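So the sequences go chain by chain: A and B. Sequential numbering of the first sequence, starting at 26, is according to our numbering. Sequential numbering of the second sequence, starting at 26, is according to our numbering. To start, the structure under review is shown below, and the notes come after it.
There are 2 protein chains.
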Amino acid sequence: MSESDLLARIIPMFGESPFAGSGVLVAPGDDAAVITARESVVVTTDSMVRGRDWRDDWSSGHDVGLKVVAQNVADVAAMGAVATGLLVSVAADPETELDWVIDLTRGIADAAEDAGCPVVGGDLSSAPAGVIMVAVTAFGDLQGRMPVLRSGARPGDVVAVAGSLGWSGAGLALYEAGTTDPIAPNAGAGHLTAMERATSVLMWFHRSPRPPWESGPVAADAGATSMIDLSDGLVRDGGRIAVASGVELALDEAQLREHFLAGPIELAVGTDVGWRQVLSGGEEHSLLATFPADAVPDDPHAPWTVIGQVVEAGPQGPRLTVGGAVPSVTGWDHFAG
Amino acid sequence: MSESDLLARIIPMFGESPFAGSGVLVAPGDDAAVITARESVVVTTDSMVRGRDWRDDWSSGHDVGLKVVAQNVADVAAMGAVATGLLVSVAADPETELDWVIDLTRGIADAAEDAGCPVVGGDLSSAPAGVIMVAVTAFGDLQGRMPVLRSGARPGDVVAVAGSLGWSGAGLALYEAGTTDPIAPNAGAGHLTAMERATSVLMWFHRSPRPPWESGPVAADAGATSMIDLSDGLVRDGGRIAVASGVELALDEAQLREHFLAGPIELAVGTDVGWRQVLSGGEEHSLLATFPADAVPDDPHAPWTVIGQVVEAGPQGPRLTVGGAVPSVTGWDHFAG
Numbered sequence: 026m027s028e029s030d031l032l033a034r035i036i037p038m039f040g041e042s043p044f045a046g047s048g049v050l051v052a053p054g055d056d057a058a059v060i061t062a063r064e065s066v067v068v069t070t071d072s073m074v075r076g077r078d079w080r081d082d083w084s085s086g087h088d089v090g091l092k093v094v095a096q097n098v099a100d101v102a103a104m105g106a107v108a109t110g111l112l113v114s115v116a117a118d119p120e121t122e123l124d125w126v127i128d129l130t131r132g133i134a135d136a137a138e139d140a141g142c143p144v145v146g147g148d149l150s151s152a153p154a155g156v157i158m159v160a161v162t163a164f165g166d167l168q169g170r171m172p173v174l175r176s177g178a179r180p181g182d183v184v185a186v187a188g189s190l191g192w193s194g195a196g197l198a199l200y201e202a203g204t205t206d207p208i209a210p211n212a213g214a215g216h217l218t219a220m221e222r223a224t225s226v227l228m229w230f231h232r233s234p235r236p237p238w239e240s241g242p243v244a245a246d247a248g249a250t251s252m253i254d255l256s257d258g259l260v261r262d263g264g265r266i267a268v269a270s271g272v273e274l275a276l277d278e279a280q281l282r283e284h285f286l287a288g289p290i291e292l293a294v295g296t297d298v299g300w301r302q303v304l305s306g307g308e309e310h311s312l313l314a315t316f317p318a319d320a321v322p323d324d325p326h327a328p329w330t331v332i333g334q335v336v337e338a339g340p341q342g343p344r345l346t347v348g349g350a351v352p353s354v355t356g357w358d359h360f361a362g
Numbered sequence: 026m027s028e029s030d031l032l033a034r035i036i037p038m039f040g041e042s043p044f045a046g047s048g049v050l051v052a053p054g055d056d057a058a059v060i061t062a063r064e065s066v067v068v069t070t071d072s073m074v075r076g077r078d079w080r081d082d083w084s085s086g087h088d089v090g091l092k093v094v095a096q097n098v099a100d101v102a103a104m105g106a107v108a109t110g111l112l113v114s115v116a117a118d119p120e121t122e123l124d125w126v127i128d129l130t131r132g133i134a135d136a137a138e139d140a141g142c143p144v145v146g147g148d149l150s151s152a153p154a155g156v157i158m159v160a161v162t163a164f165g166d167l168q169g170r171m172p173v174l175r176s177g178a179r180p181g182d183v184v185a186v187a188g189s190l191g192w193s194g195a196g197l198a199l200y201e202a203g204t205t206d207p208i209a210p211n212a213g214a215g216h217l218t219a220m221e222r223a224t225s226v227l228m229w230f231h232r233s234p235r236p237p238w239e240s241g242p243v244a245a246d247a248g249a250t251s252m253i254d255l256s257d258g259l260v261r262d263g264g265r266i267a268v269a270s271g272v273e274l275a276l277d278e279a280q281l282r283e284h285f286l287a288g289p290i291e292l293a294v295g296t297d298v299g300w301r302q303v304l305s306g307g308e309e310h311s312l313l314a315t316f317p318a319d320a321v322p323d324d325p326h327a328p329w330t331v332i333g334q335v336v337e338a339g340p341q342g343p344r345l346t347v348g349g350a351v352p353s354v355t356g357w358d359h360f361a362g
């Protein structure tokens, strides 16, 4: 199948959604796309590589498509913006099965529709045997808001999370332990135990996270002083806010255990593994933000759970602490990983 | 070396250029970058894969950096826009030599400075052994112009080219024939013959093309009715204008031979190979446009050479002809390639 033939199959899949065309002045098919903008555009890129960021025996093409879009939309949301468009770049072994590519495309299109932002263009290239890489660039509109940076946290603010913590990491731990998803494609849900349900939801979340991206603009409107999307774990990404802002993020261990460890994680992987995942599990893409104490939003999309305070940096400099101590876990390093 | 350490080495290289910061509201280091815009943004993406789009024994990291930026800026130019920012996504085998990555980064930074558009962000991920992929997204500003599409060519227009034809393809043919660049890094130019000079210039152009991207906005201002950047060869890309516009592009064989075959190409690879490269050589990234006959611009950046006429599509439908016949050569297909 030639590049032209493949593109002829793929491109219409992005045009079937009712939102296609909104804000898109020039759609796929020319040298470049043209999207509407006002004053500024938020831009970000994130990619997934087969064998590194997903395994074919765990994730379908559809899962990969959902996940790579979710990662990018979460980055846009973490600035306080709404995603307005996506570019998709795929480099694939020419022997890749067409069905897989179609499934990937459907996952990308489904996530794009969920996020309300059209796929406006892309690029297809060939890669060495066995290699597939999917790179997505997302564009966002601040709709008049100031961007929420990592550097604005101030002593007196509270630290809050929208979305889950550690689900993706716990799901990965389950996969790595050889666990089979209790809701296998051909098995049916049947009569699952609570532990089986918990196991399945974590494995599902690892394959295709759905971050609360609608909460980014809500946080910005409420007066968030800093925000980040949790791609490398709470400790590592929270530490980035601490360093960029020159403060200490003093997290409350009891709050974290009560709101984020109790539930599916503790049930499925136990207290010790679960606690480590709450602190350092990667690829969650939930939003971590700081707010003036009276400004935590009542968010229609996801609750913002207060998990700590911003305090003056002590003699050790900017850092993140949990229960007053620096956690021994770090976080996810894509390049060492 | 960790991801953080590597990024700490790379990111400052994009900030050393004097242009950094212009139009960039939020620079690399946050979840996303924010660039200024007015009304619309042109967006495009193009990538290069080691072993597919370059060979390490032919191209340095610096060459790859120059080329991947040039491809993207040419796409922006072909809409009539000026490039305003770049995102760079690199997926690399963690064993990749640091020197190579630094050299790539320098190439990207040099081309970005040449094009006047800052690198505003990016993404670094690990890839399987031996794999390196570089994906670039470029943003552009139409500065109030209407985008120049592929679909606007009208009977009576003339067809013109800014930049060279077939140089990159002829350079590739020289590499594939086992030719050594007469100006090898450690050899010095010395007393080269005309043929050696021609050989070297084509091989250099294949490694790191410099398209006349400044000519895109000039063409738009002059009233270009359609435009495309020549990434897959004159016949294939010109055919795209013909199909999108529903016309025939009737190219003049004598003009093409006189202006584009004569010179370095004919000298270095001969008439037959050279003519095939003029018609179908890929990765040139010169601009092909159509203009009302009296509107071909007097371009300070590159001459626009008239190479044919736009005529009504005949019974065979929209097509490109050279000397009245459909050329037997086709063009470059990245996915079959």
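Beta carbons are placed, not taken as given, at the ideal position from N, Cα and C, and that holds for glycine. Quick caveat, the model's predicted, so the values are computed rather than measured.
- Message: For Pro234(A) and Val354(A), what's the separation of their Cα atoms in angstroms?
- Response: Looking at the two C-alpha atoms, the distance is approximately 23 Å.
- Any idea what DSSP makes of Asp100(A), helix, strand or coil? DSSP places Asp100(A) in helix when its eight states are reduced to three.
- Query: From Leu345(A) to Ile36(A), what distance separates their C-alpha atoms?
  - Reply: Taking the straight line joining both Cα atoms gives about 45 Å.
- Item | Option nearest Pro343(A) by Cα separation, candidates Arg261(A), Gln302(A), Ala279(A) and Asp297(A) | For the set Arg261(A), Gln302(A), Ala279(A) and Asp297(A), the Cα lying nearest the Cα of Pro343(A) is the one of Arg261(A).
- Just the C-alpha distance for Met225(B) and Val186(A), rounded to the nearest angstrom, thanks. It should be noted that the sequence gives Ser, not Met, for residue 225(B). Computed Cα separation, rounded: 58 Å.
- Task: Confirm, please, whether the CB-CB distance from Phe316(B) to Asp182(B) is below 8 Å.
- Result: A contact, by the Cβ cut-off of 8 Å.
- Cα-Cα separation, Gly288(B) to Gly165(A): Looking at the two C-alpha atoms, the distance is approximately 48 Å.
- Query: According to DSSP, is Glu308(B) helix, strand or coil?
  - Reply: Of the three classes helix, strand and coil, the one that applies to Glu308(B) here is coil, per DSSP.
- List the DSSP bridge partners of Gly165(B). Answer is Val67(B) and Ala108(B), bridged to Gly165(B).
- Query: What do you get for Asp148(A), buried or exposed, if any count of 16 or more other CB atoms within 10 angstroms of its CB means buried?
  - Reply: Answer is buried; the Cβ neighbour count reaches 16.
- Task: Could you name the residues of chain B that Arg77(A) contacts, counting a contact when the two beta carbons are closer than 9 Å?
- Result: In chain order: Ala116, Ser150, Ser151, Ala152 and Pro153.
- Query: Does the segment 328-338 of chain A come close enough to the segment 76-83 of chain B that 3 or more CB-CB pairs lie under 8 Å?
  - Reply: In this structure the segment 76-83 of chain B does not lie against the segment 328-338 of chain A, because fewer than three pairs of beta carbons, one per stretch, are closer than 8 Å.
- Close beta carbons around Val67(A), own chain, < 6 Å, minus the five adjacent residues each side: Here the set comprises Val101, Met104, Ala106 and Gly165.
- Task: Check each candidate in Met220(B), Val94(B) and Gly203(B) and name the one with the smallest Cα separation from Ala163(B).
- Result: Among Met220(B), Val94(B) and Gly203(B), the Cα nearest to that of Ala163(B) belongs to Val94(B).
- Message: I'd like to know if Asp55(B) contacts chain A, where contact means its C-beta is closer than 8 Å to some C-beta of that chain.
- Response: Asp55(B) counts as touching chain A.
- Query: Taking 8 Å as the CB-CB limit, is Met72(B) close to chain A?
  - Reply: Sequence inspection shows Ser at residue 72(B); the Met mentioned does not correspond to that position. Answer yes: the Cβ-Cβ gap between Ser72(B) and chain A drops below 8 Å somewhere.
- Query: Can you tell me where the beta strand (DSSP E) with Gln334(B) in it begins and where it stops?
  - Reply: Trp329 to Glu337 is the span of the beta strand (DSSP E), which, as asked, contains Gln334(B).
- Presumed contact (8 Å Cβ cut-off) between Gly169(A) and Ser270(A), rounded CB distance: 24 Å between Cβ atoms; not a contact.
- Are Gly339(A) and Glu273(A) touching if we call contact CB-CB under 8 Å? The Cβ atoms of Gly339(A) and Glu273(A) lie closer than 8 Å to each other.
- Three-way DSSP call (helix, strand, coil) for Ala95(B) in this model: Here Ala95(B) carries a helix assignment [DSSP, helix/strand/coil].
- Mind pulling the chain B residues with CB within less than 8 Å of Asp100(A)? Within chain B, the residues placing a beta-carbon under 8 Å from that of Asp100(A) are Asp56 and Ala57, ordered along the chain.
- Item | Separation of Glu28(A) from Met38(A), as counted between CA atoms | A direct Cα-Cα distance of roughly 16 Å separates Met38(A) from Glu28(A).
- Task: Could you check which residue in Asp78(A), Met228(A) and Arg301(A) has the C-alpha nearest to that of Met158(A)?
- Result: When the alpha-carbon of Met158(A) is set against those of Asp78(A), Met228(A) and Arg301(A), the nearest one is in Asp78(A).
- How would you call Arg63(A), buried or exposed, if buried means at least 16 neighbouring beta carbons within 10 angstroms? Counting Cβ neighbours within 10 Å, Arg63(A) comes out exposed, since fewer than 16 surround it.
- Quick one: grab the DSSP three-state call for Ser151(A). Ser151(A) falls in the strand class under three-state DSSP.
- Using the beta-carbon count (16 or more within 10 Å), is Gln341(B) buried or exposed? Exposed, since its Cβ has fewer than 16 Cβ neighbours within 10 Å.
- Message: Suppose you measure from the CA of Pro207(B) to the CA of Tyr200(B); what does that come to, to the nearest Å?
- Response: The alpha-carbon separation between Pro207(B) and Tyr200(B) amounts to approximately 12 Å.
- Please compile the residues from chain B whose C-beta is within a distance smaller than 8 Å of the C-beta of Glu138(A). What Glu138(A) touches in chain B: nothing, since even the nearest Cβ is about 19 Å away.
- Query: Along chain B, which residues have their Cβ under 7 Å away from the Cβ of Val184(A)?
  - Reply: Per Cβ cutoff of 7 Å: no residues; Val184(A) is ~17 Å from chain B at best.
- When burial is assigned at 16 or more other CB atoms within 10 Å of the CB, is His231(B) buried or exposed? The residue in question, His231(B), is buried, as its Cβ has 16 or more Cβ neighbours within 10 Å.
- For chain A, is any of its Cβ atoms less than 8 Å away from the one on Glu64(B)? Output row for Glu64(B): interface = yes.
- Task: State the start and end residues of the unbroken beta strand (DSSP E) segment that holds Glu273(B).
- Result: Val272 to Leu276 is the extent of the beta strand (DSSP E) around Glu273(B).
- Query: Using the beta-carbon count (16 or more within 10 Å), is Ala350(A) buried or exposed?
  - Reply: Label assigned to Ala350(A): exposed.
- Query: Would the C-beta of Asp135(B) count as close to the ligand PLP, meaning under 7 Å from any of its heavy atoms?
  - Reply: For the ligand PLP, the structure offers nothing, since it holds no ligand at all.
- C-beta contact flag for Ala154(B) and Glu120(B) at 8 Å: The answer is yes: Cβ separation under 8 Å.
- Query: Taking 8 Å as the CB-CB cut-off, is Val145(B) touching chain A?
  - Reply: Yes, contact with chain A.
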